[in-house]
Amino acid sequence: MKNKLISQLPYQHPFLFVDTIEDVSEDFIKGSYTFKASSWFYKGHFKDHPITPGVILTECAAQIGLASLGLFILSQDKNSDIGKIRLAMTSTNIEFLKPILPDEKVIIEAEKIYFRFNKLKSSVKMFNINGDLILRGDIAGVILI
């Protein structure tokens, strides 16, 4: 089921920021991604000192903590046609605490705050491989069928 979730996401390289889904339930998800040094966004952010842009970190957190979790929740309903699902992020409130450098792996954990009327809101946290908190906040989006 975990690998199937990744294949059902509406993203592809170079904009897929999910390598693994390690744990998932109706209320929680944990996944990871490694930001490769060859990624396109490091070429200009920042000159001679590349760091991962905050918008990309937010997207990674949303792909795991919102899109993947939402797909899992909907897949529990046998009447849902996962192939017809469309996702849209509606709001974020993210605090950035540490930078992520090229070739660093991040672990994202998200807890469902609510899912109602096809809107999912999750509390997300991102950690580096040492367990340091990189970002935290809330992400919300709609799941259209």
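Straight run, no breaks: the sequence shown in the working numbering ends on number 771.
Ideal placement from N, C-alpha and C gives every residue a C-beta, glycine not left out.
Between the segment 642-659 and the segment 684-694 there are three or more C-beta pairs closer than 8 Å, enough to call the two in contact. With a threshold of 16 other beta carbon atoms within 10 Å, Leu-770 falls short and is exposed. Residue Lys-628 holds the alpha-carbon nearest to the alpha-carbon of Gly-657 among Leu-761, Glu-721, Lys-628 and Lys-745. Collapsing the DSSP output to three states places Ser-658 in a strand. Bridge pairing for Ser-633: absent [DSSP]. Three or more beta-carbon pairs separated by less than 8 Å link the segment 661-674 to the segment 720-730, which places the two stretches in contact.
Cα atoms of Asp-653 and Phe-672: separation of roughly 37 Å, rounded to the nearest angstrom.
Counting the other CB atoms within 10 Å of its CB gives Ser-717 a total below 16, which places it among the exposed residues. According to the DSSP assignment, Thr-684 belongs to the alpha helix (DSSP H) that extends over 680-688.
Take the alpha-carbon of Ile-739 and the one of Gly-691: they are about 11 Å apart. The three-state reading of DSSP puts Ala-663 in coil, since its state is none of H, G, I, E or B.
In the structure shown, Ile-739 adopts extended strand secondary structure according to DSSP, grouped into three states. By the neighbour-count criterion, in which a residue is buried when 16 or more other Cβ atoms sit within 10 angstroms of its Cβ, Phe-743 is exposed.
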